[in-house]
Amino acid sequence: MKAARPLLALACLSLLSGCVAALLPLAAMGTIGKTQIDRRAAKRDLISAGAVDLNPVTEGTVAATETSAKNITDYTGQGGDFDLAETDDKQLSDKDYLSRFFKPVNPQKPMPYADFTRYALAQSARFEAGEGVKSAVLVPRVALEKPETINCAGKPLAVLIDLDDQAHDDWANSEILYRQNGLAEALNELRAAKISVIWLSDAPAGVSERISATLKDAGLSASEADDFLFLDRGGDDRKQARRWDAARTYCIVAMAGDKRADFDELYDYLRHPDGAVTLEHMYGAGW
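For reference, each letter of the sequence shown is one residue, going 8 to 294 in our numbering.
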């Protein structure tokens with residue numbers, strides 16, 4: 008994939024229509040071999056850091072959380088104010104309504120998540136073989152002349168998916184998440200390989216159950232899976248801090264997002280467009 012091509016998109020509604028690929032990290036600093044992994048400890052640590060464990064959502068959860076969401080007036084994290092507006096679908100037939108959100112797998116079309124899944128599974132295979140596995144998350148204060156990734160020693164594997172769509176602020180309005188060709192199947196393949204899924208968003212933690220229900224209705228969450236939702240924790244929290252917290256407890260072997268800053272916030276602070284040229288070859292293998 009050439010850097011000149013549009014950035015990969017992954018999120019609800021239109022964001023899910025983009026192609027997602029895995030991030031190929033740079034430095035051996037982030038490599039691990041197969042070691043004794045304590046998945047329970049990693050799960051506990053990530054939840055302690057503020058992530059939400061995506062357990063099955065029961066009926067009525069969406070209605071209950073809509074009420075709680077209305078009580079949220081503001082929060083001071085990176086994402087700014089977050090509103091869950093209502094969508095008027097009364098004029099649509101049932102068929103038209105469902106067609107807006109649901110698309111079955113079409114084997115005749117390319118799977119947009121194939122590269123993302125293939126790379127993550129390859130990392131899992133390397134791990135099972137006792138070979139080195141690289142983290143996809145850059146270390147804090149990374150030196151661009153010699154970029155390094157966060158150490159993965161002793162951590163279970165995971166992928167990090169950014170849910171926020173810059174073009175559509177209301178992606179969380181619907182209880183049914185738009186299902187892009189092959190995404191649910193790709194996530195199931197990752198889970199079968201003991202790769203957890205961590206969803207990242209600037210939405211406030213108060214709407215976590217609403218988003219959890221949305222993911223469940225779309226078939227993007229699974230019971231008994233170590234999947235997580237990592238939302239804004241308030242105060243001066245920012246997405247990059249949550250990205251690092253996730254990488255401290257899990258080896259993030261692949262990331263997906265719709266803009267460069269979804270991989271590291273350094274892209275938001277570059278004085279020159281070519282300031283991170285040493286990271287460009289990552290796009291050829293992933294971003």
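Ideal Cβ positions, reconstructed from N, Cα and C, are used throughout, including at glycine. Since the structure is predicted, the reported quantities are computational estimates derived from the model, not experimental observations.
Classify L277: buried if its beta carbon has 16 or more other beta carbons within 10 angstroms, exposed otherwise.
For the purposes of this step, residue 277 is taken as residue 270 along the sequence shown, with counting starting at 1. With fewer than 16 Cβ atoms within 10 Å of its Cβ, L277 is classed as exposed.
According to DSSP, simplified to helix, strand and coil, what is I54?
As a first step, residue 54 must be located in the sequence shown, where it is residue number 47. In this structure, I54 counts as helix in the three-state DSSP scheme.
Under 6 Å Cβ to Cβ from K50, same chain only, skipping five residues before and after it: list those, please.
For this step, residue 50 is matched to residue 43 along the sequence shown. Contacts found: D233.
Can you list the alpha helix (DSSP H) stretches of 4 or more residues lying completely in the stretch 234-278, in chain order?
246-256
Taking the alpha helix (DSSP H) that I218 belongs to, which residues open and close that run?
On the sequence shown, position 211 is the one that residue 218 refers to. Taken as a continuous stretch (DSSP letters only), the alpha helix (DSSP H) holding I218 covers 215-224.
Those runs of the alpha helix (DSSP H) which lie wholly inside the stretch 132-172 and span at least 4 residues
none
Judging by CA-CA distance, which residue of A193, K201, A248 is the nearest neighbour of D209?
The residue you call residue 209 lines up with position 202 of the sequence shown. Checked all of A193, K201, A248; the closest Cα to D209 is A248.
Helix or strand or just coil, what does DSSP make of L207?
Taking the sequence shown and counting its residues from 1, one reaches residue 207 at position 200. Note: L207 maps to strand in three-state DSSP.
Could you tell me whether the stretch 217-232 touches the stretch 253-260, where touching means 3 or more Cβ pairs closer than 8 Å?
no
Which value, in whole angstroms, describes the spacing of the CA atoms of K153 and K141?
Here residue 153 refers to the residue found at position 146 of the sequence shown. Here residue 141 refers to the residue found at position 134 of the sequence shown. Taking the straight line from one Cα to the other gives about 15 Å.
I'd like the list of long-range same chain contacts for E66, defined as Cβ closer than 8 Å, with 5 residues on each side in sequence excluded.
As a first step, residue 66 is located in the sequence shown; it is residue number 59 there, counting from the start. Interpretation of E66 is limited by its pLDDT of 40, a score under 50 that renders its predicted location unreliable; the figure taken from the coordinates is listed afterwards. If we look at E66 and ignore the five residues flanking it on each side, it has no Cβ neighbours.
Could you check the C-alpha separation between F235 and A283 for me, to the nearest Å?
In the sequence shown, residue 235 corresponds to position 228, counting from 1. In the sequence shown, residue 283 corresponds to position 276, counting from 1. About 30 Å.
E287 burial status per 10 Å Cβ neighbour count (16 or more: buried)
Here residue 287 refers to the residue found at position 280 of the sequence shown. The residue is exposed, with fewer than 16 neighbouring Cβ atoms inside 10 Å.
Please state if the CB of L164 and the CB of L207 are separated by a distance shorter than 8 Å.
Start at 1 with the first residue of the sequence shown, and residue 207 comes out as number 200. Start at 1 with the first residue of the sequence shown, and residue 164 comes out as number 157. Their beta carbons are not under 8 Å apart, which means L207 does not touch L164 by this criterion.
Close beta carbons around A229, own chain, < 8 Å, minus the five adjacent residues each side
Along the sequence shown, one-based indexing puts residue 229 at 222. Counting only Cβ-Cβ distances below 8 Å, and skipping sequence neighbours, we find L194, N195, R198.
If you compare alpha carbons, which of L128, G161, G137 is closest to A48?
Position 41 of the sequence shown, counted from the start, is the residue given in the question as residue 48. Among L128, G161, G137, the Cα nearest to that of A48 belongs to G161.
Comparing alpha-carbon positions, which option in A129, D52, L145, K246 lies nearest G139?
Your numbering for residue 139 matches position 132 in the sequence shown. Comparing Cα positions, the closest option is A129.
Between D274 and C159, what straight-line distance do the alpha-carbon atoms span, to the nearest angstrom?
Numbered from 1 along the sequence shown, position 267 holds the residue referred to as residue 274. Numbered from 1 along the sequence shown, position 152 holds the residue referred to as residue 159. Here residue 274 is Tyr; the residue named in the question, Asp, does not match the sequence. Approximately 23 Å, taken between the alpha carbons.
Pick from D243, A136, F237, A263 that is closest to A58, judged by C-alpha positions
Taking the first residue of the sequence shown as position 1, residue 58 is located at position 51. Checked all of D243, A136, F237, A263; the closest Cα to A58 is F237.
Report the partner residues of V59 according to the DSSP bridge assignment.
Numbered from 1 along the sequence shown, position 52 holds the residue referred to as residue 59. Answer by DSSP bridge pairing, in chain order: L236.
Which residues in the same chain as D271 place their Cβ atom closer than 6 Å to its Cβ, once the five residues preceding and following it in sequence are excluded?
Mapped onto the sequence shown, residue 271 falls at position 264. Excluding positions up to five away in sequence, the list reads L145.
Which residues in the same chain as A212 place their Cβ atom closer than 8 Å to its Cβ, once the five residues preceding and following it in sequence are excluded?
For the purposes of this step, residue 212 is identified with residue 205 of the sequence shown, where counting begins at 1. Taken in chain order, the residues that qualify are G57, V59, L238, D239, R240, G241.
Nearest to D122 by alpha carbon, out of R133, A263, D45?
Stepping through the sequence shown from its first residue, residue 122 is reached at position 115. The candidate whose alpha carbon is nearest that of D122 is A263.
Is it right to say E216 is buried, meaning 16 or more other beta carbons lie within 10 angstroms of its own, or is it exposed?
The sequence position of residue 216 within the sequence shown is 209, counting from 1. Buried is the call here.
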